[in-house]
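Numbering (our numbering), first residue to last: 658 to 739.
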């Protein structure tokens, strides 16, 4: 893995986390990698599910324990539009 600030060689079974603040990087050589991101709950989770007919109560269940459920905060917003 190479970036503007240097390179990192990974052995089989090792992993590296590329911070979002790193502007440019690339995977070099053989291997596989997983690319992921932290989704925008409203745009990437709630709105698509609502468009497919899921109710708020069903969507809320995805967030787990109610006291720590970030989905409940977003669903409670009054001006949430599809």
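Cβ coordinates follow ideal geometry from the N, Cα and C atoms, glycine included.
Item to complete: Measure the alpha-carbon distance for residue 730 versus residue 721 and round it to whole angstroms.
Response: For residue 730 and residue 721, the distance between alpha carbons rounds to 13 angstroms.
Worksheet item: What residue does the alpha helix (DSSP H) around residue 705 start on, and which one ends it?
Response: Going by DSSP, residue 705 is part of the alpha helix (DSSP H) stretching over 704 to 708.
Discussion item. Using the Cβ count rule (16 or more neighbours within 10 Å means buried), how would you classify residue 691?
Written reply: Residue 691 is exposed by the Cβ-count criterion.
Practice prompt. Sort 679, 658, 706 by Cα distance to residue 668 and report the nearest one.
Written response: Ranking the options by Cα distance to residue 668, first place goes to 658.
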